[in-house]
Amino acid sequence: MLSRVAERVYWLARYLERVENTARLINVHTGLLMDLPRDVEIDWFTLVTIFDAEMFYHANFEQINENNVMQFLLAEPNNPISLLNSLSAVRENARTSLDILPEETWEQVNELYLLVKNEMAAISNRRRRQQLLLTIMERCQTVWGILVNHMSRNHAYHFMQTAKHLERADMTSRILEMTSLLMAENRSESMRAAEGILWTHLLRALSAQQMYTQTYSSSVNADGVLTFLIRDEAFPRSLFFSLKAIGRYLWPLPQAASTLEHHQKIMSEMFNENLKELPAEMIYTRMDELQAKLAELSSQISQKWFHPDRSVA
Amino acid sequence: MMQLWRDYDPGEFYDELMYDQHQPRHFSYKLLDYLKSMRKEAFAQRIVDSELEILERGITFTVYSDAGNIDRAWPFDIIPRIIPKGEWDCTEKGLVQRIRALNMFINDIYNDGNIIRDGLIPEDVVLQSKGYRPQCKGMQPAHGIWAHICGSDLVRDDSGTMYVLEDNLRVPSGVAYMLENRKTTKRVLPELFKLLHISPVNDYPSHLSAMLASLAPDDVSHPKMVLLTPGIYNSAYFEHAALAQQAGLILLEGADLTVGNDGYVYMKTIHGLERVDVIYRRIDDDFIDPLVFREDSTLGIPGIMQAWREGKVAIANAPGCGVADDKVIYAYVPAMIRYYLNEEPLLPNVPTWMCRDPHQLQHVLDNLPDLVVKPANESGGYGMLVGPHSSEEKIEEFRQLLIADPNNYIAQPTLKLSVSPTSCGDHIAPRHVDLRPFILSGKNNYVTPGGLTRVALVKGSLVVNSSQGGGSKDTWIVDDSHFGGLN
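For the protein sequence lines, the chains are A and B, in the order given. In terms of our numbering, the first sequence opens at residue 46 and continues consecutively. In terms of our numbering, the second sequence opens at residue 931 and continues consecutively.
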């Protein structure tokens, strides 16, 4: 498999996962804000902080309001992680990998891109925006469906799955950062009153509510949610599951030993301590560290398989 | 839908589907009956469906213009063009005959030069061809074949005679669009395939793959085959990707390849370097190897020409094959067929005046307003004069060009190109068409049944090139042996 092609399908998969996760997070967050009283510490701008995009935001917008935040996260050309930019990256990578992906992949991706681009004018309308976000999630799942059901389990597939789980772990860790707000000692009374809704919100942002309920058959609480989203071995969006999957898909790649070692180190650092017992702000720090480690793993993958001829800086 | 056809009139032109204003040809009446039975709105809906299909499947080509490079949806007309199989069988034989002679010619001029020595073609005609590459002298590619993939342009005049207008031997494009056109027709007008038996075209990629495999160096049993593209900004990138996907070739760019110390060609993979045996290149000779041709080329692979000369890699089409893709050499093809094959040409050339000959030049200058003048080495319809459609200033401009550089031009009569019913907004009208079949030559020959029909969408226009506003049609070879009736 060509190094350049490996790089393209890797990023195709990362961006595809990012598009779906972004759509879901915004969709669920909109629902949450409808339920919350005005004076809680969570608002539209919380979304921007989840993506660590405060700087980009302030460079493009003065006011913080629903319209601007949505414009920024969905359509803004100057925001490198805006949904439309991510989707456009999916499309470019699909377009340049036509020869190794199932034929329908490109058609689906292209169709979705054209649809989203046309609908962007209407995102200030909350109803149409929510509808669009649902469509985006569905279509992303269609693309994954095609890939999973039509692709040989070759290296292209391994790179795509590695990328998907890496991106997913990154997103899960970002959403878990919100726990620092939810568990803060000095949180407001309104926030304490809305606890149930908020923890459910974390689950929903990761499509985890139903599986959580099946697993725990108890009410949603901080302990349960943290354990489920961090350590659950069966739920495909928990940190444990995603990180383990990264190892599984790295394993068949050529000369993977040193990368696997690196991956193993991330796993043990992450799961050898009991996160539940940490104070809230430490969870935030751990998640931040994890994101940095995942970024490092990604650049190691890039160096080993995509650009072996580039000298190590 | 009848009202769409009410004013249909091919006039003085040969119509591919009609004998005259009212009478469909014996092989097209089923198609036309079906189309005419549709309600106007239903027909319009099928057109919308086809446009959507093409847009969503991302079938595009790029137009290079002053306004930047624009990705355009592939222009497709849903009314197919039909050629009866009986006629097509003869055309196919003629195409194979022609490409055999052309390959023998290319092999001859880079080796023994018999045809020059025997006085059939002047040496300076060969040397003036922009595609001539002295670096290819003495080379003997597998099976003696240089032009493995040829896209000939065929046109019909008002008598219905099919002529060869050009032999595109360098990097002919369009075959993927032929495949896409058929897919679109199948999705948009599936009922039609019940009415008629239409020769399938979708096995082209497997023939391409088999042909390329037949070029691999002898010691290789499972050749690694790649398609070399200039990249995503090339106008035919969609085609490159589609062909690679369907023929099982690895799609790559020059930067993915390197020539090793052992002189073999390798691609850069996640396993390290892997040897490549056959390269289907879609970049021009000029750019293929900066050590041999254009030094400023960043698309090519330094050292690849040496690897090819040593037989360590096969390249299709072979470097240097463009020598025969020249409008002056074109005039000699019938002579080549007689010389190399000792056969009479089955497909005629368009009568051609060579401006290098002072008598013929005089004739051309005297009749410029009636003629088509073409530079020897341009493609895509650029830099040519269509006398009857040009202003006096334009004609004068060409007169000066011809006098200054007669060797670089040929002239031909303005053919009354055939027309075919084409949907033009609120009505069906006759529009001029040509045809580009694709001929594969390796160990064996293969000709696509039909090919890519291009149509000039503007009324009266003869320019069918998609880069200049032309459209395209699905092309059907239909078995007419059981139809009987008029012929």
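All C-beta atoms, glycine included, are put in the ideal place defined by N, C-alpha and C. In this text the structure is predicted, and so the values were computed from the model without any measurement.
Beta-carbon contacts of residue i that lie in its chain and below 8 Å, excluding the five residues immediately before and after
i	result
Ile291(A)	Thr207, His210, Leu211, Ala214, His308, Leu342
Pro1102(B)	Ile1079, Cys1080, Gly1081, Arg1366, Phe1368
Thr91(A)	His74, Met223, Leu226
Leu1203(B)	Thr1188, Gly1190, Tyr1196, Met1197
Gln336(A)	Asp215, Ser218, Arg219
Asp950(B)	Pro940
Val1055(B)	Val1258, Ile1259, Tyr1262, Arg1286
Arg49(A)	Phe351
Which listed residue (the options) has its alpha carbon closest to that of residue i
i	options	result
Ile1245(B)	Pro1071(B), Pro1014(B), Pro940(B)	Pro1071(B)
Ser133(A)	Glu334(A), Val85(A), Ala302(A), Tyr60(A)	Tyr60(A)
Asp979(B)	Met1069(B), Ile1008(B), Arg1028(B)	Ile1008(B)
Ile984(B)	Gly1202(B), Arg1112(B), Gly1313(B), Leu1331(B)	Arg1112(B)
Leu1347(B)	Val1385(B), Tyr1210(B), Tyr1260(B)	Val1385(B)
Lys1403(B)	Ser1411(B), Gly1390(B), Asp1410(B), Arg1361(B)	Arg1361(B)
Met100(A)	Met165(A), Thr245(A), Phe117(A), Glu86(A)	Phe117(A)
Gly1252(B)	Thr1378(B), Thr1228(B), Ala1306(B)	Ala1306(B)
Tyr1376(B)	Gly1043(B), Ile1051(B), Pro1005(B), Val1131(B)	Val1131(B)
Asn266(A)	Met256(A), Leu243(A), Gln259(A), Ala250(A)	Leu243(A)
Ser131(A)	Ile181(A), His103(A), Asn113(A)	Ile181(A)
Lys966(B)	Tyr944(B), Leu982(B), Tyr1040(B), Tyr938(B)	Tyr938(B)
Gln1342(B)	Ile1218(B), Val1303(B), Gln1330(B)	Val1303(B)
Glu322(A)	Tyr261(A), Ile346(A), Thr272(A), Glu152(A)	Thr272(A)
Glu137(A)	Gln153(A), Arg232(A), Asn123(A)	Gln153(A)
Rounded separation between residue i and residue j - CA only
i	j	result
Lys1373(B)	Trp1076(B)	12 Å
Trp1444(B)	His1357(B)	Only positions 931 to 1417 of chain B appear in the structure, and residue 1444(B) is not among them; the question remains open.
Gln1290(B)	Ile1036(B)	26 Å
Asp268(A)	Thr245(A)	12 Å
Ala1334(B)	Met1284(B)	14 Å
Ala1172(B)	Lys349(A)	29 Å
Leu1370(B)	Asn1098(B)	12 Å
Pro1052(B)	Thr1352(B)	44 Å
Ala1185(B)	Ala1166(B)	19 Å
Lys1124(B)	Lys960(B)	11 Å
Pro1074(B)	Ala1237(B)	In the sequence as presented, Pro is not what sits at residue 1074(B); that position holds Gly. Rounded to the nearest angstrom, the two C-alpha atoms are 18 Å apart.
Tyr1194(B)	Lys1060(B)	29 Å
Ile1200(B)	Ala51(A)	8 Å
Gly1230(B)	His1137(B)	27 Å
Glu121(A)	Arg63(A)	16 Å
Arg198(A)	Thr141(A)	20 Å
Cutoff 6 Å; reference residue i; Cβ partners in own chain excluding five residues on either side
i	result
Tyr1093(B)	Val1085, Pro1278, Val1280
Ser958(B)	Leu947, Ile1012
Glu222(A)	Tyr329, Met332
Gly1415(B)	No answer about Gly1415(B) holds up, because its pLDDT of 46 lies below 50 and its placement is not dependable.
Leu157(A)	Arg184
Ala358(A)	Since pLDDT at Ala358(A) reaches only 38, below the 50 mark, its modelled position is unreliable, and the value read off the structure follows with that caveat. Cβ within range, chain order: n/a, list empty.
Gly1313(B)	Pro1305
Other residues of its chain near residue i: CB distance less than 7 Å, five sequence neighbours each side excluded
i	result
Thr150(A)	Ala139, Val188, Ile191, Leu192
Phe285(A)	Ile275, Arg276, Asp277, Glu278, Phe316
Glu306(A)	none
Lys338(A)	Ile311
Val1150(B)	Asp1207
Pro954(B)	Leu947, Met948, Leu962
Contact with chain C by residue i, beta-carbon distance below 8 Å
i	result
Trp151(A)	Among the chains of the structure shown, chain C does not appear; the protein chains present are A and B.
Original post:
At a cut of 8 Å, does the segment 1269-1276 of chain B reach the segment 1068-1088 of chain B through at least three beta carbon pairs?
Top reply: No, because fewer than three Cβ pairs between the segment 1269-1276 of chain B and the segment 1068-1088 of chain B fall closer than 8 Å, the two stretches do not touch.
Subject >> Residues in the segment 1079-1109 of chain B having any Cβ partner in chain A nearer than 7 Å >> reply: Within the segment 1079-1109 of chain B, no residue qualifies.
Original post:
Within the chosen definition, does the segment 1175-1191 of chain B reach the segment 1143-1162 of chain B through at least 3 CB pairs nearer than 8 Å?
Top reply: With a cut-off of 8 Å, the segment 1143-1162 of chain B and the segment 1175-1191 of chain B count as touching, because enough Cβ pairs lie within range.
**OP:** May I ask you to list, following chain order, the residues of the segment 960-990 of chain B that have a beta carbon less than 9 Å from some beta carbon of chain A?
**Re:** Taking 9 Å as the Cβ-Cβ cut-off against chain A, the residues of the segment 960-990 of chain B that qualify are Leu985, Glu986, Arg987, Gly988.
Subject >> Interface positions of the segment 183-205 of chain A facing chain B (Cβ-Cβ less than 7 Å), listed along the chain >> reply: Look at the segment 183-205 of chain A: the residues with a C-beta under 7 Å from a C-beta of chain B are His200.
Subject >> Short-range partners of chain A found in the segment 1193-1209 of chain B, where Cβ spacing is below 7 Å >> reply: Result list: Met1197, Lys1198, Thr1199, Ile1200, His1201.
Original post:
Which residues, in chain order, does the segment 1372-1392 of chain B contribute to contact with chain A at a C-beta distance below 8 Å?
Top reply: Residues: none.
**OP:** Closer than 7 Å, Cβ to Cβ, to anything on chain B: give me those residues from the segment 162-174 of chain A, in chain order.
**Re:** Within the segment 162-174 of chain A, no residue has a Cβ lying closer than 7 Å to any Cβ of chain B.
Subject >> Members of the segment 252-267 of chain A near chain B, C-beta cut-off 7 Å >> reply: Residues: none.
**OP:** Would you check if there are 3 or more beta carbon pairs closer than 8 Å linking the segment 1115-1122 of chain B to the segment 1290-1299 of chain B?
**Re:** No, because fewer than three Cβ pairs between the segment 1115-1122 of chain B and the segment 1290-1299 of chain B fall closer than 8 Å, the two stretches do not touch.
Original post:
Does the segment 1138-1147 of chain B come within contact of the segment 1230-1245 of chain B, defined as at least 3 CB pairs closer than 8 Å?
Top reply: Yes, they touch.
**OP:** Would you list, in chain order, the members of the segment 291-309 of chain A that have their beta-carbon closer than 9 Å to a beta-carbon of chain B?
**Re:** With the criterion set as a beta carbon lying under 9 Å from some beta carbon of chain B, the members of the segment 291-309 of chain A are Leu298, Pro299, Gln300, in sequence order.
Original post:
Name the residues in the segment 1040-1060 of chain B whose C-beta lies less than 9 Å from a C-beta of chain A; which are they?
Top reply: In summary, no residue of the segment 1040-1060 of chain B has a CB separated from any CB of chain A by less than 9 Å.
**OP:** Return the residues of the segment 221-241 of chain A that lie within a Cβ-Cβ distance of less than 7 Å from chain B, sorted by chain order.
**Re:** Residues of the segment 221-241 of chain A with a C-beta less than 7 Å from any C-beta of chain B: none at all.
Original post:
Quick one, which residues of the segment 1259-1282 of chain B are near chain A if we go by CB-CB under 8 Å, in chain order?
Top reply: Of all residues in the segment 1259-1282 of chain B, none has a Cβ within less than 8 Å of some Cβ in chain A.
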